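The structure appears below as structure tokens.
There are 2 protein chains.
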Amino acid sequence: MNIPKTSTPRIVIIGGGFAGISLAKKLSKKDVQVVMLDRHNYHTFQPLLYQVSTGALEPDSIAYPIRKILSQYRNFYFRLADVEEVLPEQKKVKTDIGELSYDYLVIATGSKTNYYGNQSIKENGMAMKTIPQSLNLRSLILENFEQALLTDSIDEQDMLMNFVIVGAGPTGVELAGALAEIKKGILPKDYPDLDTRRVQINLIQASDRVLQEMSPVASKKAEQFLEKLGVHVWKNVLVTGYDGETVSTKSDLSFKTATLIWSAGVMGATVKGMNAEDLIVKGNRIRVNQYNQVDGYEDIFAVGDIAAMSTEKFPDGHPMMAQPAIQQGKHLGINLERLLSNKPMKPFNYFDKGSMATIGRNKAVVDLPNFKFQGVFAWFVWMFIHLFFLIGFRNRMVVFINWAYNYIRFDREARLIIRPYKKST
Amino acid sequence: MNIPKTSTPRIVIIGGGFAGISLAKKLSKKDVQVVMLDRHNYHTFQPLLYQVSTGALEPDSIAYPIRKILSQYRNFYFRLADVEEVLPEQKKVKTDIGELSYDYLVIATGSKTNYYGNQSIKENGMAMKTIPQSLNLRSLILENFEQALLTDSIDEQDMLMNFVIVGAGPTGVELAGALAEIKKGILPKDYPDLDTRRVQINLIQASDRVLQEMSPVASKKAEQFLEKLGVHVWKNVLVTGYDGETVSTKSDLSFKTATLIWSAGVMGATVKGMNAEDLIVKGNRIRVNQYNQVDGYEDIFAVGDIAAMSTEKFPDGHPMMAQPAIQQGKHLGINLERLLSNKPMKPFNYFDKGSMATIGRNKAVVDLPNFKFQGVFAWFVWMFIHLFFLIGFRNRMVVFINWAYNYIRFDREARLIIRPYKKST
């Protein structure tokens with residue numbers, strides 16, 4: 001890989017997500033060599049992917065070149081690589097561009113879509129965990145309407161204009177709300193020769209409330225917001241399969257649709273190597289101790305979604321969200337420095353800053369540790385926080401302009417089918 | 001295609017480029033039915049494609065949904081379709097989504113890359129006429145540097161870091177200048193472990209000057225600007241082939257490169273049908289009379305790049321650029337209205353507003369009919385004009401923000417490999 005061997009310890013970070021980037025930043029100006037490996041050359045701001053799918057934002061504004069983040073620091077190396085295996089005995093990682101030795105290894109590979117073994121959904125459904133996936137979904141949504149124009153069959157039109165979203169976590173709820181706003185604000189203008197009142201948005205949740213990780217009051221209010229926007233919310237419904245036409249459930253209920261979007265779960269994106277059987281716990285995550293050290297290894301750490309640190313409050317590990325990842329990345333940076341200066345590491349403590357979700361224009365729900373609120377103010381808070389956490393001044397400006405424009409004009413202009421989805425498959 | 005047959009005449013426009021869109025706008029509020037067919041659902045602002053390839057702009061900011069342009073007008077229909085054949089005897093067009101009858105047909109299909117029959121260049125070279133092509137080029141440029149990091153072979157590195165651009169028209173010149181700026185401002189920061197001083201940009205022109213459609217003073221100044229930026233300009237060099245590694249020329253000169261960008265010519269993007277043999281003239285364009293009427297047809301017109309209207313000043317047709325297309329589209333709108341009210345049509349007169357090209361930061365050349373200037377002021381004029389002609393307020397704002405940011409920070413942040421190019425082929 002052509003990375004010079006120096007006398008300073010080499011820390012290899014796999015993954016440039018929230019955890020990996022905040023760790024890398026923390027290690028800047030320290031006397032270590034840092035090598036970051038990622039299969040993309042950019043960091044993705046995942047909480048806004050649904051806005052790419054629904055034409056509100058360009059993909060480039062929610063992504064940021066990893067090299068640009070790291071270029072300010074000395075002794076940092078980035079390689080565009082797919083990690084194939086960790087070889088702990090040799091202290092090496094095997095990748096598609098060669099092998100690399102490490103002194104310390106940090107696994108920050110994040111999560112991927114969890115289909116819970118359901119092959120039919122994996123094959124026929126759409127996921128939304130990466131920018132290419134979000135762009136595919138954007139293309140598909142628009143292609144559906146173009147196709148609906150061409151048929152006289154009411155059944156076929158209804159199928160094309162029915163969007164079934166499985167999983168009412170933040171992603172599912174935000175996507176359902178955005179689709180409802182498109183139905184109301186954009187479709188009647190763009191498709192005057194189509195009866196877009198017949199567009200359906202069905203949001204299906206296996207448990208008894210939406211946003212079940214949030215407070216009951218947030219769930220209740222979010223559901224009201226969704227219903228106000230015309231989203232059909234189905235609770236206690238377990239989806240069992242999708243053959244490309246029909247979504248089947250455990251009960252008699254079924255849905256005819258050309259588009260199933262699967263946002264019902266994520267699982268750790270593990271790497272091969274180490275003693276996987278013993279280490280992988282619920283959610284396909286790697287068990288770590290309170291220092292984010294992988295069980296049984298002194299020199300391998302895991303942070304973010306992939307890491308399952310069992311605590312009293314979170315016996316199965318912290319929520320798979322941006323905040324724990326950022327905090328663990330930062331904290332590990334401090335611990336690695338302590339380790340290198342032979343100081344004892346400090347246990348990680350999660351500071352829950354709260355959580356939030358936006359349903360639509362002026363409609364959001366926010367749970368702070370001691371204060372819960374919903375509505376217009378929550379929506380502004382949501383926007384402010386998301387702008388703040390976006391990396392890059394230019395991205396913030398461009399996203400802000402887009403949001404301001406969309407707000408004033410009730411519009412979203414990035415509705416371009418740049419890479420057709422159907423034709424390419 | 002489910003387009004209602006009304007009593008008003010139906011005008012079918014093939015192509016949503018500059019010519020098609022300006023015609024459609026002119027026909028708004030007229031008592032006609034307008035159907036626009038395009039294989040993309042967006043209009044592309046082609047003059048800025050090179051900025052997408054070089055990471056200065058997002059693709060979404062130089063494209064605009066066609067439905068959004070037309071949604072303000074009544075009696076307008078858009079269909080996402082590939083036109084396969086024109087059947088003039090039946091007054092119909094055949095497309096991949098069915099047949100459509102017309103009362104008047106307007107061919108505004110624009111142009112495509114002209115390889116002059118050179119198969120090796122077509123297969124191994126990159127073109128830059130569409131947004132997907134520009135994104136492929138952006139990915140390839142970045143992938144080359146990632147790959148260069150992985151090899152110890154100086155020869156292979158040099159090949160990966162050598163960019164050969166064939167054709168020094170506006171596209172070639174602007175792309176060469178942008179690459180030179182990336183070499184200077186971005187590569188040393190992004191690739192500190194690569195000797196990016198060895199990056200080469202070779203711009204090859206078959207004739208004896210760059211920008212040969214412009215004035216000699218513009219050509220001379222543009223060449224000086226290019227050389228100042230470190231671009232190697234090769235004149236009177238005829239490229240004969242490219243096998244993926246070596247660019248061969250008519251002389252002994254050859255170039256080892258992983259990237260050949262072909263901007264040496266365009267040709268009309270004709271459609272099948274009509275009496276092609278008699279109608280197609282130099283540049284693969286369709287011969288039209290002074291009313292943009294296709295030779296031999298009362299009810300078929302052609303506008304923009306595809307139309308060859310022979311005039312005293314332009315015996316082979318107007319330049320294949322935005323201005324003639326926009327003017328012909330508008331003019332045909334007036335003529336169609338006259339035709340429908342049984343008034344005689346008016347001949348088209350091209351008003352040459354001048355031409356311009358930008359080479360880099362503070363470096364542009366402008367030829368106005370009575371005034372030619374170069375440098376900083378020309379560069380501001382170039383930016384202002386391009387912002388003005390972009391469709392959509394949001395696009396203008398976003399492009400302006402990006403340009404302002406890039407200007408102040410000497411940066412271009414859209415350097416993301418969203419769809420890998422090499423891996424997908």
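Chains as they are written, first to last, in the UniProt record's numbering: chain A, 1 to 425; chain B, 1 to 425.
For each residue, glycine too, the CB sits at the ideal point set by N, CA and C.
No experiment lies behind these values; they were computed from the predicted model shown.
### Message
Taking 8 Å as the threshold (beta carbon to beta carbon), is residue 7(A) in contact with chain C?
### Response
The question asks about chain C, but that chain is absent: this structure's protein chains are A and B.
### Message
Suppose the cutoff is 6 Å on Cβ atoms and the five residues either side in sequence are ignored; what does the same chain contact list for residue 80(B) look like?
### Response
41
### Task
Note down, in chain order, each residue of its chain lying with its Cβ closer than 7 Å to the Cβ of residue 179(A), except the 5 sequence neighbours on either side.
54, 163 and 201
### Query
Which of the residues in the stretch 51 to 65 of chain A, read from start to end, lie with their CB under 8 Å from any CB of chain B?
58, 59, 60, 61, 63, 64 and 65
### Task
Would you identify the three-state DSSP class for residue 77(B), choosing helix, strand or coil?
strand
### Terminal residues of the beta strand (DSSP E) in which residue 360(B) lies
355 to 360
### residue 84(A): first and last residue of the uninterrupted beta strand (DSSP E) it sits in
83 to 87
### Query
So, residue 12(B) versus residue 100(B), is the Cβ gap smaller than 8 Å?
yes
### Task
Could you please tell me which residues of the stretch 380 to 395 of chain B, in chain order, have their CB closer than 8 Å to any CB of chain A?
392, 393, 394 and 395
### Query
Quick one, which of 310(A), 261(A) and 375(A) has its alpha-carbon nearest residue 282(A)'s?
310(A)
### Task
Using the Cα positions of residue 482(B) and residue 143(A), report the straight-line distance between them to the nearest angstrom.
Past the edges of chain B, shown from 1 to 425, lies residue 482(B), and the structure says nothing about it.
### Message
Tell me which residues share the same chain as residue 353(B) and place their Cβ nearer than 7 Å to its Cβ, disregarding the 5 neighbours each side in the sequence.
### Response
323
#### Entry: 4 or more residues per run - each alpha helix (DSSP H) lying fully within the stretch 181 to 264 of chain B
187 to 190 and 216 to 228
### Task
Use the C-beta contact count for residue 410(B): other C-beta atoms within 10 angstroms, 16 or more gives buried, fewer gives exposed.
exposed
### Query
Would a check of beta-carbon distances place residue 239(A) closer than 8 Å to chain B?
no
### Task
Quick one: grab the DSSP three-state call for residue 376(A).
helix
### Task
Mind listing the chain A neighbours of residue 414(B)? Cutoff is C-beta to C-beta under 8 Å, in chain order.
60
### Query
Expressed to the nearest angstrom, what Euclidean distance is found between the alpha-carbon atoms of residue 249(A) and residue 262(A)?
14 Å
#### Entry: 8 Å contact criterion, which residue 471(A) and residue 399(A) should meet: CB distance rounded
Here chain A covers residues 1 to 425 and nothing more, so residue 471(A) does not appear.
### Query
Nearest to residue 102(A) by CA position, among 77(A), 117(A), 285(A) and 169(A), is which residue?
77(A)
### Message
Counting only beta-carbon separations shorter than 8 Å, does residue 425(B) have a partner in chain A?
### Response
In this prediction, residue 425(B) scores a pLDDT of 40, lower than 50, which makes its location untrustworthy; the coordinate-derived value is nonetheless stated afterwards. No, its Cβ sits nowhere closer than 8 Å to a Cβ of chain A.
### Query
So residue 176(A) and residue 226(A) are in contact, right, with Cβ under 8 Å, and what is the actual spacing, rounded?
6 Å
### Task
Would you verify that the beta carbon of residue 142(B) is, or is not, closer than 8 Å to some beta carbon of chain A?
yes
### Query
On the premise that residue 85(A) lies in contact with residue 271(A), defined as a C-beta separation below 8 Å, what is that separation, rounded to the nearest angstrom?
7 Å
### Query
Roughly how many angstroms separate the alpha carbons of residue 93(B) and residue 384(B), rounded to a whole number?
39 Å
### Query
Do the CB positions of residue 198(A) and residue 161(A) come within less than 8 Å of each other?
yes
### Message
Looking at chain B, is there any beta carbon in it that lies within less than 8 Å of the beta carbon of residue 115(A)?
### Response
no
### Query
Listing by chain order, which chain A residues have their CB less than 7 Å from the CB of residue 71(B)?
189 and 190
### Query
Can you list the residues of chain A that residue 80(B) reaches, using a CB-CB cut of under 7 Å?
146
### Message
Using the Cβ count rule (16 or more neighbours within 10 Å means buried), how would you classify residue 363(B)?
### Response
buried
### Query
chain B partners of residue 41(A), CB-CB under 8 Å?
142, 146, 415, 416 and 417
### Buried versus exposed, by CB contacts within 10 Å (16 or more), residue 424(A)
Here the model assigns residue 424(A) a pLDDT of 41, short of 50, so the residue's position is not dependable and the matter cannot be decided.
### Query
CA-CA distance, residue 147(A) and residue 44(A)?
31 Å
### Query
Over what stretch of residues does the beta strand (DSSP E) that includes residue 315(A) continue unbroken?
Residue 315(A) -> no beta strand (DSSP E), and no H or E assigned at all.
### Interface partners of residue 97(A) on chain B, CB under 8 Å
150
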